[in-house]
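Q: One structure is given below, represented as structure tokens, and several questions about it will come after.
Right, here's the structure in full:
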């Protein structure tokens, strides 16, 4: 368990060869097993940054994409336990369904660091060392405030629809922030449907707009949802009529913020490179027997909008 491992690391200077407080590789490299929910977008940026900074710190990565499949996740994490990697960094597919695989790692004395998503309490802190994340409610609050500013001065109720990712607890927190920020406005939610992968979410958003062509704002709870919402608005010819706001950032979203006519107005991003920086920092601390420190490791949540296109262009230049 997390607290037992930290206590042991603090109390023991020399550990037996079978434990994971020292480098396991024959060449002294510290091996981190990594799972990604998807191979593209934010996760691709995360992996690129890991590979950029890890080797200089004596860290190598065994990376596997699970395609949001709990069964595949269990296979990959079980394989990490069998291999005896030094640490695992994972964005879990299910807050509850991933627990068995994480427990197997815990039983094998392989420390686990969550990023982006994690197990539901109390198992998160019982079975993992740290959670590298953003202030998820804050992401929703920031985007909600931008929506509120966009709707300010209206003399009739605004109609809002959502593309959600609330199968994940982090997205439920985002929705709480959105709802709180919009609570003082005259807003009617006409539809809220799951859609967080571009190919699957685009027809969902298109159907929403077909059923409710008078939607004023379409809010997406993740970056793939933003892309899907923009595609749907364009497909329905509703540019200039429906504004898209969202949470999450990648180069495709940046291009949409720059595109004319305007469709995507604002997003609050997650800094995937900062996730990687923090995961590597926790890995180094764990390797060196220092423990992970505070359980929650928050990373920045930059905002991007058409009000500051210079920041969008700067982001895009850094990610091409």
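Numbering (this note's numbering), first residue to last: 4 to 323.
For each residue, glycine too, the CB sits at the ideal point set by N, CA and C.
Between residue 353 and residue 299, is the Cβ-Cβ spacing less than 8 Å?
A: Residue 353 lies beyond the stretch modelled for the chain, which goes from 4 to 323, so this question has no answer here.
Q: Residue 286 and residue 33: beta carbons closer than 8 Å?
A: Translated into the one-based positions of the chain shown, residue 286 becomes position 283. Translated into the one-based positions of the chain shown, residue 33 becomes position 30. Yes, they are a contact pair.
Q: As a quick exercise: from 190, 136, 81 and 52, pick the residue whose alpha carbon is nearest that of residue 156.
A: Taking the chain shown and counting its residues from 1, one reaches residue 156 at position 153. Answer by Cα proximity: 190.
Q: Beta carbon of residue 227, beta carbon of residue 163: below 8 Å?
A: Position 224 of the chain shown, counted from the start, is the residue given in the question as residue 227. Position 160 of the chain shown, counted from the start, is the residue given in the question as residue 163. Result no, Cβ atoms of residue 227 and residue 163 do not sit closer than 8 Å.
Q: Helix, strand or coil: which one does DSSP assign to residue 101?
A: Here residue 101 refers to the residue found at position 98 when the chain shown is read from its first residue. Looking at residue 101 - three-state DSSP - the assignment turns out to be coil, as it is neither helix nor strand.
Q: Could you tell me whether the Cβ of residue 299 comes closer than 8 Å to any Cβ of chain D?
A: Within the model displayed, chain D is absent; a lone protein chain is all it includes.
Q: Does the pairing of the stretch 44 to 58 with the stretch 204 to 223 give three or more beta-carbon distances under 8 Å?
A: Taking 8 Å as the limit for Cβ pairs, the verdict is that the stretch 204 to 223 does not touch the stretch 44 to 58.
Q: Apart from the five residues on each side of it in sequence, which residues of its chain come closer than 7 Å, Cβ to Cβ, to residue 323?
A: Counting from one through the chain shown, the residue named residue 323 turns up at place 320. Once the five neighbours on either side are set aside, the close Cβ partners of residue 323 are 254.
Q: I'd like to confirm the pairing. Which residues does DSSP put opposite residue 49 in its beta bridges?
A: Walking along the chain shown from the start, residue 49 turns up at place 46. Bridge partners of residue 49: none, in fact.
Q: Would you report the Cα separation of residue 265 and residue 239, rounded to the nearest angstrom?
A: One-based indexing of the chain shown puts residue 265 at position 262. One-based indexing of the chain shown puts residue 239 at position 236. If I take the Cα positions, the gap works out to 14 Å.
Q: Indicate the three-state DSSP secondary structure (helix, strand or coil) for residue 227 in the structure shown.
A: The residue given as residue 227 occupies position 224 in the chain shown. If DSSP states are grouped into helix, strand and coil, residue 227 belongs with the helices.
Q: So, with DSSP's three-state summary, where would you put residue 308?
A: Working through the chain shown from its first residue, we reach residue 308 at position 305. In this structure, residue 308 counts as strand in the three-state DSSP scheme.
Q: Where do the ends of the beta strand (DSSP E) carrying residue 196 lie?
A: As a first step, residue 196 is located in the chain shown; it is residue number 193 there, counting from the start. Run containing residue 196: 190 to 197, per the beta strand (DSSP E) assignment.
Q: Taking 8 Å as the threshold, find out whether the stretch 302 to 320 comes into contact with the stretch 131 to 140 through three or more Cβ pairs.
A: With a cut-off of 8 Å, the stretch 131 to 140 and the stretch 302 to 320 count as touching, because enough Cβ pairs lie within range.
Q: For residue 302, which three-state DSSP category applies?
A: On the chain shown, residue 302 is found 299 positions in, with the first residue counted as 1. Note: residue 302 maps to coil in three-state DSSP.
Q: Per DSSP, residue 205 forms a beta bridge with which residues?
A: As a position in the chain shown, residue 205 is number 202, starting the count at 1. Partner(s): none; residue 205 has no beta bridge.
Q: Which value, in whole angstroms, describes the spacing of the CA atoms of residue 257 and residue 263?
A: Walking along the chain shown from the start, residue 257 turns up at place 254. Walking along the chain shown from the start, residue 263 turns up at place 260. Taking the straight line from one Cα to the other gives about 12 Å.
Q: Do residue 130 and residue 106 count as a contact pair if the criterion is CB distance below 8 Å?
A: In the chain shown, the residue the question calls residue 106 occupies position 103. In the chain shown, the residue the question calls residue 130 occupies position 127. Contact: yes.
Q: Select from 275, 267 and 279 the residue whose C-alpha is nearest the C-alpha of residue 307.
A: Residue numbering aside, residue 307 sits at position 304 when the chain shown is read from its first letter. Of the candidates 275, 267 and 279, the one whose C-alpha sits nearest the C-alpha of residue 307 is 267.
Q: Name the one or two DSSP bridge partners that residue 117 has.
A: As a position in the chain shown, residue 117 is number 114, starting the count at 1. Per DSSP, 93 and 134.
Q: Could you check the C-alpha separation between residue 326 and residue 97 for me, to the nearest Å?
A: Lying before the first or after the last residue shown, residue 326 is absent from the chain, which here runs from 4 to 323.
Q: I need the boundaries of the beta strand (DSSP E) containing residue 269, first residue and last residue.
A: What you label residue 269 is simply residue 266 of the chain shown in a count that begins at 1. Start and end: 267 to 271.
Q: Express the C-alpha separation of residue 274 and residue 25 in angstroms, rounding to a whole number.
A: On the chain shown, position 22 is the one that residue 25 refers to. On the chain shown, position 271 is the one that residue 274 refers to. Unreliable positioning characterises residue 25 in this predicted model, as indicated by a pLDDT of 44, which lies under 50. A coordinate reading is not provided.
Q: Let me know the secondary structure DSSP gives residue 221 once reduced to three states.
A: Residue numbering aside, residue 221 sits at position 218 when the chain shown is read from its first letter. Looking at residue 221 - three-state DSSP - the assignment turns out to be strand.
Q: How should residue 70 be labelled, buried or exposed, when 16 other C-beta atoms within 10 angstroms of its C-beta is the threshold for buried?
A: As a position in the chain shown, residue 70 is number 67, starting the count at 1. It is exposed - the Cβ of residue 70 has fewer than 16 other Cβ atoms within 10 Å.
Q: Grouping DSSP H, G and I as helix and E and B as strand, with all else coil, what is residue 200?
A: Translated into positions along the chain shown, residue 200 becomes position 197. Looking at residue 200 - three-state DSSP - the assignment turns out to be coil, as it is neither helix nor strand.
Q: Near residue 316, which residues of its chain fall below 6 Å by C-beta distance, leaving aside the five closest residues on each side in sequence?
A: Position 313 of the chain shown holds residue 316. Cβ neighbours of residue 316 beyond the five flanking positions: none.
Q: For the putative contact between residue 223 and residue 249, defined by C-beta atoms under 8 Å, what is the C-beta separation to the nearest angstrom?
A: In the chain shown, the residue the question calls residue 223 occupies position 220. In the chain shown, the residue the question calls residue 249 occupies position 246. That pair is a contact at about 4 Å.
Q: Specify the secondary structure class of residue 56 as computed by DSSP and reduced to three states.
A: Position 53 of the chain shown holds residue 56. Correct three-state label for residue 56: helix.
Q: Restricting to Cα atoms, I'd like to know which of 60, 282, 313 and 195 is closest to residue 38.
A: Counting from 1 along the chain shown, the entry for residue 38 is found at position 35. Residue 38 has its Cα closest to that of 282, out of 60, 282, 313 and 195.
Q: Does the distance from the CB of residue 128 to the CB of residue 116 come in under 8 Å?
A: Position 125 of the chain shown, counting from 1, holds the residue named residue 128. Position 113 of the chain shown, counting from 1, holds the residue named residue 116. No, Cβ-Cβ distance for residue 128 and residue 116 is not below 8 Å.
Q: With residue 259 and residue 236 assumed to form a contact (beta carbons below 8 Å), what rounded beta-carbon distance in angstroms separates them?
A: On the chain shown, position 256 is the one that residue 259 refers to. On the chain shown, position 233 is the one that residue 236 refers to. Contact flag wrong, Cβ pair sits at about 10 Å.
Q: When DSSP builds the beta bridges, which residues end up paired with residue 36?
A: Along the chain shown, read from residue 1 onward, the residue named residue 36 stands at position 33. The partner list for residue 36 (beta bridge, DSSP) reads 65 and 91.
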